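Chemist: Before I ask anything, let me first share the structure, which is written out below as structure tokens.
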Amino acid sequence: MSYGQNKIKQYNVIRTSDVPKIDGKPFEKIWELAEVGNNFIMLQPENGTAENEQQKTLIKIMYDDNAMYVAAYLYDNEPNKIAAQFSQRDQINVQSDIFSFWINTYNNQIDQTRFYITAAGAIADSKSTNGGDDFSYNVIFDARSSRDEKGWYVEMEIPYQALRFAKSSVQDWSFNAYRKINRLNQSFTFSFIDIKQGNEAQYDAVLRGIQNINPPSRLSLFPYLSTQSVQFKNTNKTQFNAGLDVKYGLSDAFTLDATLIPDFGQVAFDNVELNLSPFEQVFEERRPFFTEGTDLFSKGNLFFSRRIGQQPFGFSSVYNQVDENEILISNPTQTQLINAVKITGRSKSKIGIGLLNAITKKMTATITDTLNLTNRKIITESLTNFNIFVIDKQYGANSSFYFSNANTLRSGSFTDANVTAFGIDHYDKENIYNYGANVKMSNRFLNDSTSYGFSYSARWQKVEGKWRYGISHDYIEKSYNPNDLGLQFESNINTTYISGSYNQFTPKGKFNNYTINYNLYHSRTNQPNTHNFTQVSLNPNFQTKNLWQGGGFITAFTREYDFFESRISLVPVLYQPKIVYGSYITTDTRKRVSLFANINAENRINNPEFRIDFRLRPSFRITDKLFIRYQWFWQKRDNRLSFVALNGEQTILSSRDTRTIENSIETVYNIDNTKAINLRLRNFWSNAIFSDNLEILKSDGSTIAFSEPNSFEPNADFNVWNFDCSFEWQFAPASSLIVFYRNTLSNFQNNPNQSYFNSLDALFQNSLVHTLSLRLTYFFDVNRLKKRELK
């Protein structure tokens, strides 16, 4: 075996006829036949330093017709200090030592499948592209750990069904192995990774000797049964659901995933806020089908999965269609997903393909005439078919180009849409410079016309060394609109961004590392050709040797033309120059008690607008099984010139004061690595008070007084309460039982004089919505079932 920082390591793997017992104790004689992989090299903080003799790491690898087997010997001269906080599947960012095996079955220096285990025995898997971890990726593998007076140990069984590889008599694979020693804040890899250049997959070691294995057929079934009961006031509604998720290997490289009659009733609640901006509030995707293996769909930025199953398009307009003597009986807040299918994968020739199709149900609101007792229905969302297709070709060590298309087809007279993107992401041979560009076109097919739009962007950047810099340019036409399936806030803009940074990657003085970022951003409107604003920023960040982290920023803005606050096309609101600044600190998270705190502020120049906010987030690791995190957020914002209402073709503005408080608590008790109780509570309050001195916005951004009689009610007091409690038991691989309870409340008022506690009292005058659900999911590996039948 060869090794060294400037030479690619090689490991010669042997075929075994005996399957080792996977119990975390790799001391069977079968392991003595395997080659020893050693001489791990530090990744962080002293990149390139040899491992300490007192914490040596050894690995051994074997294979047979069905799986790959990995053993790790993680020696430690202080075994009683090995960190071993309990956690659940894919939750490895805890206070625990970690071992991970990274395998690249295409040896393309880009993609890796990673398998993790902690010293406490929690396992995780991820799909990595260019060094990033996507933990939504889930496959079936076995891993166990154990400890004794010399350190801790790992055994892994990675079935070929968990990998994708081409059929070949001799496999050309690469790999790396990773170890983290938590208390020392040190991480090591088998094959040296230079953190100053390139990505982690470019430094893989070569895995020699895997021959005459065949890609297995891949068919997995995930049937589920669920029941849910919702209680509100004196009504109770119970429903039973059954459905099926399917995963099928179309070939050695491509996989089909389907969800039939999906049920997302146990998805965590969204962090809803009082939104007074001209843009929609965006929520994180939490539905497993739309988070697992979807990295290809990010190409071109045409896909925002929360569009599928979102609030019906006509939800809000229904309230204006209720006539006298009518009452609104029902108005669904969410569009129902009927089914969804996706195909993903990458061939040995480095061609990646992603296809996703989803169908949502026609949604209607029901209105009853109280005089003749008849009902009428209003369509709020039509039957809709969502599609996105991506093809991506990788070349060189780290480069790719792609084609992406998203289309939305709606029945009836609702709008259809089609958006296409082409792009390239190129690195030079030395991985010093990166170039990128994309072109996008949108078509929206309205009832009587078609709207066409265009967008492009280009960038160049230096991505190696301590000094890094770059420039990018974006152009978006006013008519470019990808929002039927994508997400874009601004259009009609033309921006230039110049950035740079100084990076100290290795310890120096009191610091483990630090970075100083600086940038200049210039924004213009295309039509009319107007300077929106220019900003310059400075942003230092650091980590000390005792693992405290901190940083800050200061950004200066010129005067600003905001073309979106007015809610009228091409009419800007003029804001004076401002300075925004802030800082944060995080204490050593290895301690049982740690704290994150930050403060931000904003000042307008020659203008009374001012903002300040604080955030405190203490964390308590009571034991290795019990963890509590509390978060408190407070914000005060005064004299913000803001939209009030549209008065015909005029925008009415006023000065707005806002107060916001948010409290949240998260508690996790891990009974063991397969069973956990989770509690999450959040209360959010925001109060907005508008000045009575109203102003009319003129076309040049200036304002004049508005004194006409009006019925505007812009003041807002919003309070929301959410509480989730769940018990989850993974009783078999990919099989789980979840018991889930939720209660929720929300209240909106136009009362301008509410304090936080008065608003909270008013909130709890309402009735809670209680939800109790149970879901059972079981995993069937059809390939294994067939093998059992043959036996």
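Residue 1510 in our numbering sits at position 553 of the sequence shown, and the numbers go up by one each step.
In this text, a Cβ means the ideal position worked out from N, Cα and C, and glycines have one as well.
Here the structure is a predicted model, which means the values were calculated and not measured.
Note the first and the last residue of the continuous beta strand (DSSP E) segment covering residue 1177.
Modeler: The residue labelled residue 1177 in the question sits at position 220 within the sequence shown. 1176-1189 is the extent of the beta strand (DSSP E) around residue 1177.
Chemist: Who are the near neighbours of residue 1167 in its chain, counting only those whose CB is closer than 7 Å to its CB and skipping five residues on each side?
Modeler: For the purposes of this step, residue 1167 is taken as the residue at position 210 of the sequence shown. Answer for residue 1167: 970, 1020, 1128, 1130, listed in chain order.
Chemist: Enumerate in chain order the residues of its own chain whose CB-to-CB distance from residue 1049 is below 7 Å, with the five nearest sequence positions on each side excluded.
Modeler: Taking the first residue of the sequence shown as position 1, residue 1049 is located at position 92. Correct list, in chain order: 1055, 1073, 1075, 1079, 1081.
Chemist: Does the contact criterion of 3 or more C-beta pairs under 8 Å hold for the stretch 1454-1474 versus the stretch 1496-1508?
Modeler: Yes, the stretch 1454-1474 touches the stretch 1496-1508.
Chemist: Thinking just about the alpha-carbon of each residue, which of 968, 1107, 1180 is nearest to the one in residue 1692?
Modeler: Position 735 of the sequence shown holds residue 1692. Per the Cα distances, 1180.
Chemist: Using DSSP's beta-bridge definition, name the partner residues of residue 1654.
Modeler: Within the sequence shown, the letter at position 697 stands for residue 1654. Looking at the DSSP assignment, residue 1654 forms a beta bridge with 1660.
Chemist: Would you report the Cα separation of residue 1740 and residue 1207, rounded to the nearest angstrom?
Modeler: Residue 1740 sits at position 783 when you count from the first residue of the sequence shown. Residue 1207 sits at position 250 when you count from the first residue of the sequence shown. Between residue 1740 and residue 1207, the C-alpha separation is close to 14 Å.
Chemist: What three-state label does DSSP hand residue 1738 in the structure shown?
Modeler: For this step, residue 1738 is matched to residue 781 along the sequence shown. It is a strand residue.
Chemist: How would you write the range of the alpha helix (DSSP H) that residue 1714 sits in, first residue to last?
Modeler: As a first step, residue 1714 is located in the sequence shown; it is residue number 757 there, counting from the start. Looking at the DSSP string, the run of the alpha helix (DSSP H) that includes residue 1714 is 1713-1720.
Chemist: To the nearest angstrom, how far is the alpha carbon of residue 1676 from that of residue 1720?
Modeler: Position 719 of the sequence shown holds residue 1676. Position 763 of the sequence shown holds residue 1720. Rounded to whole angstroms, residue 1676 to residue 1720 spans 7 Å at the Cα level.
Chemist: Start and end of the beta strand (DSSP E) containing residue 1494?
Modeler: As a first step, residue 1494 must be located in the sequence shown, where it is residue number 537. Start and end: 1487-1501.
Chemist: What does DSSP give as the partner residue(s) for residue 1135 in the beta ladder?
Modeler: Indexing the sequence shown from 1 puts residue 1135 at position 178. Per DSSP, 1057, 1146.
Chemist: Is residue 1449 closer than 9 Å to residue 1498 when the C-beta atoms are compared?
Modeler: The residue labelled residue 1498 in the question sits at position 541 within the sequence shown. The residue labelled residue 1449 in the question sits at position 492 within the sequence shown. Cβ distance not < 9 Å, so residue 1498 and residue 1449 don't count as in contact.
Chemist: Flag this pair as touching only if the stretch 1534-1551 and the stretch 1507-1515 have three or more C-beta atom pairs under 8 Å; answer yes or no.
Modeler: With a cut-off of 8 Å, the stretch 1507-1515 and the stretch 1534-1551 count as touching, because enough Cβ pairs lie within range.
Chemist: Could you check the C-alpha separation between residue 1654 and residue 1401 for me, to the nearest Å?
Modeler: Looking up residue 1654 in the sequence shown gives position 697. Looking up residue 1401 in the sequence shown gives position 444. The straight-line gap from Cα to Cα measures roughly 31 Å.
Chemist: Please say whether residue 1114 and residue 979 have beta carbons closer to each other than 9 Å?
Modeler: Here the question's residue 979 lines up with position 22 in the sequence shown. Here the question's residue 1114 lines up with position 157 in the sequence shown. Taking 9 Å as the Cβ cut-off, residue 979 and residue 1114 qualify as a contacting pair.
Chemist: Does DSSP put residue 1036 in a helix, a strand or coil?
Modeler: Indexing the sequence shown from 1 puts residue 1036 at position 79. Here residue 1036 sits in helix by DSSP.
Chemist: Leaving aside the five residues before and after residue 1738 along the sequence, list all residues of the same chain whose C-beta is less than 6 Å from its C-beta, in chain order.
Modeler: Locating residue 1738 in the sequence shown gives position 781, where the first residue counts as 1. Contacts found: 1177.
Chemist: In the DSSP output, which residue or residues are listed as bridge partners for residue 1556?
Modeler: By one-based count along the sequence shown, residue 1556 stands at place 599. Beta-bridge pairing links residue 1556 to 1540, 1571.
Chemist: Grab the span of the beta strand (DSSP E) containing residue 1545 for me, first residue to last.
Modeler: Numbered from 1 along the sequence shown, position 588 holds the residue referred to as residue 1545. No beta strand (DSSP E) holds residue 1545; DSSP gives it neither H nor E.
Chemist: Is residue 1418 helix, strand or coil when you go by DSSP?
Modeler: The residue labelled residue 1418 in the question sits at position 461 within the sequence shown. Strand, per DSSP.
Chemist: Nearest by alpha-carbon distance to residue 1562: which of 1532, 1548, 1544, 1583 is it?
Modeler: Taking the sequence shown and counting its residues from 1, one reaches residue 1562 at position 605. The shortest C-alpha separation from residue 1562 is found at 1532.
Chemist: Tell me which same chain residues have a C-beta within less than 6 Å of the C-beta of residue 1731, skipping the five on either side of it?
Modeler: Within the sequence shown, the letter at position 774 stands for residue 1731. So the qualifying residues of the chain are 1184, 1696.
Chemist: Output yes or no for whether 9 Å exceeds the beta carbon distance between residue 1275 and residue 1335.
Modeler: As a working mapping, residue 1275 is identified with position 318 in the sequence shown. As a working mapping, residue 1335 is identified with position 378 in the sequence shown. The answer is yes: Cβ separation under 9 Å.
Chemist: Taking the beta strand (DSSP E) that residue 900 belongs to, which residues open and close that run?
Modeler: This structure gives no information on residue 900, because the portion of the chain shown stretches from 958 to 1748.
Chemist: Give me the residue from 1224, 1458, 1353 with the minimum Cα distance to residue 1067.
Modeler: Residue numbering aside, residue 1067 sits at position 110 when the sequence shown is read from its first letter. If we check each option's Cα against that of residue 1067, 1353 comes out closest.
Chemist: For residue 1030, does the count of other Cβ atoms within 10 angstroms reach 16, so buried, or fall short, so exposed?
Modeler: Translated into the one-based positions of the sequence shown, residue 1030 becomes position 73. Looking at its Cβ environment, which holds 16 or more other Cβ atoms inside 10 Å, residue 1030 is buried.
Chemist: Can you give me the C-alpha to C-alpha distance between residue 975 and residue 1153, rounded to a whole angstrom?
Modeler: Counting from 1 along the sequence shown, the entry for residue 975 is found at position 18. Counting from 1 along the sequence shown, the entry for residue 1153 is found at position 196. Spanning the two alpha carbons is a distance of roughly 42 Å.
Chemist: From residue 1308 to residue 1350, what distance separates their C-alpha atoms?
Modeler: Here the question's residue 1308 lines up with position 351 in the sequence shown. Here the question's residue 1350 lines up with position 393 in the sequence shown. Those two C-alpha atoms are separated by around 5 Å.
Chemist: Determine the direct distance from the alpha carbon of residue 1481 to that of residue 1433, and round the result to whole angstroms.
Modeler: By one-based count along the sequence shown, residue 1433 stands at place 476. By one-based count along the sequence shown, residue 1481 stands at place 524. Approximately 11 Å between the Cα atoms of the pair.
Chemist: Pull up the DSSP beta-bridge partners for residue 1684, would you.
Modeler: Counting from one through the sequence shown, the residue named residue 1684 turns up at place 727. In the DSSP output, where bridge partners are listed per residue, residue 1684 has 1634, 1696.
Chemist: Quick one: any contact between the stretch 1336-1343 and the stretch 1312-1321, if contact means 3 or more CB pairs under 8 Å?
Modeler: Touching, per the Cβ criterion.
Chemist: Is the stretch 1281-1294 touching the stretch 1317-1330 in the sense that three or more CB pairs, one from each, lie closer than 8 Å?
Modeler: Short answer: they touch.
Chemist: Hey, could you find the ends of the beta strand (DSSP E) residue 1625 is sitting in?
Modeler: To locate residue 1625, count along the sequence shown from 1; it is residue 668. Unbroken beta strand (DSSP E) run through residue 1625: 1607-1627.
Chemist: To which residues of the same chain is residue 1016 closer than 6 Å at the C-beta, ignoring the five residues directly before and after it?
Modeler: Position 59 of the sequence shown, counting from 1, holds the residue named residue 1016. Taken in chain order, the residues that qualify are 994, 1029, 1134.
Chemist: Cα-Cα, which of 1250, 1530, 1408, 1688 is closest to residue 1612?
Modeler: In the sequence shown, counting from the first residue as 1, residue 1612 sits at position 655. The shortest C-alpha separation from residue 1612 is found at 1530.
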